[in-house]
Structures are given as C-alpha cells and as structure tokens.
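First up is the structure itself, then whatever we jot down about it.
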Amino acid sequence: MKPAPFEYHAPAGLEEAVGLLAELGDEAKALAGGQSLIPMLALRLAVFDHLVDLRRVAGLRGIERRDGSLWIGAGTTQAAIQRSAEVAEAVPLLARATPLIGHFQIRSRGTIGGSIAHADAAAEYPAVALALGAEFEAMSPRGGRTIPAAEFFTGMWTTALADDELLTGIRFPVRPARSGYAIEEFARRHGDFALAGAAVAVELDGPRIRRCGIGLFGLGPTALRAAAAEAELAGADPAGVDAEEVGRLAVSALESVPADLHGSAGYRKRVGAAMVARAWQRAVQEAGDD
Numbered sequence: 001m002k003p004a005p006f007e008y009h010a011p012a013g014l015e016e017a018v019g020l021l022a023e024l025g026d027e028a029k030a031l032a033g034g035q036s037l038i039p040m041l042a043l044r045l046a047v048f049d050h051l052v053d054l055r056r057v058a059g060l061r062g063i064e065r066r067d068g069s070l071w072i073g074a075g076t077t078q079a080a081i082q083r084s085a086e087v088a089e090a091v092p093l094l095a096r097a098t099p100l101i102g103h104f105q106i107r108s109r110g111t112i113g114g115s116i117a118h119a120d121a122a123a124e125y126p127a128v129a130l131a132l133g134a135e136f137e138a139m140s141p142r143g144g145r146t147i148p149a150a151e152f153f154t155g156m157w158t159t160a161l162a163d164d165e166l167l168t169g170i171r172f173p174v175r176p177a178r179s180g181y182a183i184e185e186f187a188r189r190h191g192d193f194a195l196a197g198a199a200v201a202v203e204l205d206g207p208r209i210r211r212c213g214i215g216l217f218g219l220g221p222t223a224l225r226a227a228a229a230e231a232e233l234a235g236a237d238p239a240g241v242d243a244e245e246v247g248r249l250a251v252s253a254l255e256s257v258p259a260d261l262h263g264s265a266g267y268r269k270r271v272g273a274a275m276v277a278r279a280w281q282r283a284v285q286e287a288g289d290d
C-alpha cells in the first residue's frame, strides 16, 4: 500500500516548525526519523493531511553537558548516540540500550525524540528515561516547559505533549559515583521489539541503596516504572536482596499486560520478572565495583 495524499512541509528553524504544527493542528504530524511513522502511513494505520519534516531544524540535534545534566536534542539520531563517547561516560544506560534498537539502518535515521514521542510500549528509550528520571523539554507557541519522564507517558502511543507542542530535547542526569546500570530484554530475534524487558539504575550510599530506578517495557500499554519494587529497595543493603524476589515484586502489580501470538500475559510477566532479576544483578555488581 501507499500513504494517503499529504502536503509536505520542511521548516528551517524551530520557531517555524512549532508555528506550523500549531497552525495545522490535528491534521499535521511531525516527521523525525520516520522509522515508525512511515510504515504506519504506508499501511494506512495513520492518515495525516500534513507532514512537518524536522530534519532541517538544526536546533533539535546535538549532545552536550548542561547544568550537571547531559542534554540530547530530540532530532539526534540513535546512531549518533551509539557513537558518542560523552553518552557512554555520562549516561551508560542509554548507551547500552541503543544497540538493542532495531538494526543499524534503523538507528542511522531513527531519532531519540521520535522514539520517545512515539511512546511504543516495547521500545527501550522510554524505559531508560523512566529508570533514570530524565526530563523532557517541549516547545509550543506559548513557550517552553519541562515534563518529568514519570509524567510523560500516558497510555498506548500517547504522551503528555499538547497538540501544539514539539519535543525538543531530553535531559539525563549524569552518572554519579557508586552507580550501576543494566538493561535486559527478550526478543524472538535481534532487532525485534522485545516481548519483555527491564532497564535498571542503582545508586549506592555506603553499603545501602540510595536510589533504584526500574523501567519496564513490553509489559503494558506504555513503558512503566516498577514503583513498588523501587520503594522496597530504597535504603536496603543489596547484599541481602534476592534478585528473583526483586523480579517478582516488579511485575506483581502489573495490569493490562499484552497477550498475542508471541506469548500470553502470564508468560510475559514471567519473562519480565527474569529480565528484572538479571538487570538488577548486573547493575548492583557494577555499582559495588565503582
């Protein structure tokens, strides 16, 4: 099939792009890397009268330190993130998640902002953002605002972005001392969307856990935080924590777990618990070695 007819726009600057999206309203869709949007248009799972191509908007690309955080422009490609020594040093969980996304052809065009704004429940980046407590910068004709990751993902393919807002950048906290990170996922083939996965970030204060972030993907209508498990682990001595119990607690309260020909809801929960346990073990070990 081919996409339904649409009018193409290629703004040169951020203000022009935001103005177009506000003017055209629901009839327009921002086009970043297009790795999710174009297949949906081709299959006519989505139809828009206008596409606003963001590739010429230079202000949406880049990786730099800002006020103790690592800022990544929403238009930065996944391949650029994968190559970045700055990302590997400052936000290792993001660096480790990136090679799991599709294949290199997809990563060469797909963008971090496109992945996050698309909010696919099985995507890696949203879970990483939740585990790390990232913040999202958005721009509209009314000005800019910052949205915490915990408030951003609202449902299946939906976010807290208003109709006239554009995601412009993501701020990740820079890796502190005595911290560890791991991401684990189970997919039928490399590059497929994960049936279940977990991103874990652990920070130690002396012998105890100062902060633990657990992001889950493939286990609900959107990426989720395992809040009950995080609360249980705060202040605990990791030496006395059973990894399998962490996995069970992380998935115990899950609702609306998907079920399809690849696996039942119960199967996905068991796989998810195993992914959490593996990621937890690796993250704790790294934090202890730091």
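In terms of full-length UniProt numbering, the sequence shown opens at residue 1 and continues consecutively. Cβ coordinates follow ideal geometry from the N, Cα and C atoms, glycine included. Treat the numbers as computed from the prediction; the structure is a model and nothing was measured.
Of the residues the options, the one placed nearest residue i, counting alpha carbons only
{"i": "Glu286", "options": "Gly34, Tyr181, Phe193 and Gly220", "result": "Tyr181"}
{"i": "Arg189", "options": "Leu100, Glu230, Ala58 and Leu20", "result": "Leu100"}
{"i": "Glu89", "options": "Leu21, Pro176 and Ala162", "result": "Pro176"}
{"i": "Arg278", "options": "Gly13, Ala227 and Ala199", "result": "Ala199"}
{"i": "Ala150", "options": "Leu216, Ala85, Leu94 and Gly114", "result": "Leu216"}
{"i": "Ala80", "options": "Arg210, Thr111 and Leu130", "result": "Thr111"}
{"i": "residue 294", "options": "His262, Ile72 and Gly144", "result": "Outside the shown range of the chain, which is 1 to 290, sits residue 294, and nothing can be said about it."}
{"i": "Ala213", "options": "Leu233, Ala196, Leu219 and Pro11", "result": "It should be pointed out that residue 213 corresponds to Gly in this sequence rather than to Ala. Of Leu233, Ala196, Leu219 and Pro11, the residue nearest in Cα terms is Leu233."}
{"i": "Arg210", "options": "Val91, Gly235, Ala226 and Ala127", "result": "Gly235"}
{"i": "Ala127", "options": "Leu167, Ala226 and Leu45", "result": "Ala226"}
{"i": "Ala97", "options": "Gly197, Ala162, Trp280 and Leu254", "result": "Gly197"}
{"i": "Gly288", "options": "Ser264, Arg83 and Ser179", "result": "Ser179"}
{"i": "Glu203", "options": "Gly33, Gly266, Arg282 and Ala194", "result": "Arg282"}
{"i": "Ala119", "options": "Gly133, Phe153, Asp260 and Ala201", "result": "Phe153"}
{"i": "Arg8", "options": "Ala28, Leu14 and Ser264", "result": "Note that residue 8 is Tyr in the sequence shown here, rather than Arg. Of Ala28, Leu14 and Ser264, the residue nearest in Cα terms is Ala28."}
{"i": "Pro3", "options": "Leu51, Gly13, Val284 and Ala10", "result": "Leu51"}
{"i": "Gly75", "options": "Arg107, Pro221 and Ile147", "result": "Arg107"}
{"i": "Asp164", "options": "Ala17, Val257 and Ser69", "result": "Ala17"}
{"i": "Arg267", "options": "Ala228, Gly218, Gly240 and Val284", "result": "Reading off the sequence shown, one finds Tyr at residue 267, where the question assumed Arg. Measuring from the Cα of Tyr267, the nearest candidate turns out to be Gly218."}
{"i": "Pro258", "options": "Ala121, Ala85 and Tyr125", "result": "Ala121"}
{"i": "Ala129", "options": "Arg145, Arg109, Leu161 and Leu93", "result": "Leu93"}
{"i": "Leu70", "options": "Ala95, Asp49, Ala46 and Phe48", "result": "Ala95"}
{"i": "His262", "options": "Gly33, Leu195, Arg44 and Pro238", "result": "Leu195"}
Limits of the unbroken beta strand (DSSP E) element including residue i
{"i": "Trp71", "result": "Ser69 to Gly73"}
{"i": "Lys2", "result": "Lys2 -> no beta strand (DSSP E), and no H or E assigned at all."}
{"i": "Glu137", "result": "Glu135 to Ser140"}
Opening and closing residue of the alpha helix (DSSP H) in which residue i lies
{"i": "Met275", "result": "Ala265 to Asp289"}
{"i": "Phe48", "result": "Element bounds for Phe48: n/a, residue is neither H nor E."}
{"i": "Gly62", "result": "Unbroken run through Gly62: none, as it is neither H nor E."}
{"i": "Ala243", "result": "Ala243 to Ser252"}
{"i": "Ala234", "result": "Careful: Ala234 lies outside any alpha helix (DSSP H) and carries neither H nor E."}
Collapsed DSSP secondary structure at residue i in the structure displayed
{"i": "Arg83", "result": "helix"}
{"i": "Asp26", "result": "helix"}
{"i": "Arg178", "result": "coil"}
{"i": "Gly240", "result": "helix"}
{"i": "Gly19", "result": "helix"}
{"i": "Leu41", "result": "helix"}
{"i": "Leu261", "result": "coil"}
{"i": "Leu31", "result": "strand"}
CB contact check: residue i to chain B, cutoff 7 Å
{"i": "Ala46", "result": "Annotation note: the requested chain B is absent from the structure, which comprises a single protein chain."}
When the Cβ atoms of the segment 181 to 191 are set against those of the segment 151 to 167, are three or more pairs found closer than 8 Å? no
Any alpha helix (DSSP H) of 4 or more consecutive residues that is wholly inside the segment 87 to 128: 92 to 97, 104 to 109 and 112 to 118
Check whether the segment 239 to 259 and the segment 271 to 285 are in contact - that is, three or more C-beta pairs closer than 8 Å. yes
Looking at C-beta atoms only, is the number of pairs between the segment 140 to 147 and the segment 40 to 59 that lie closer than 8 Å three or more? no
For a minimum of 3 consecutive residues, which ranges assigned as the beta strand (DSSP E) are wholly contained in the segment 146 to 231? 153 to 155, 166 to 173, 179 to 186, 196 to 205 and 208 to 217
Between the segment 16 to 24 and the segment 34 to 42, are three or more C-beta pairs nearer than 8 Å? no
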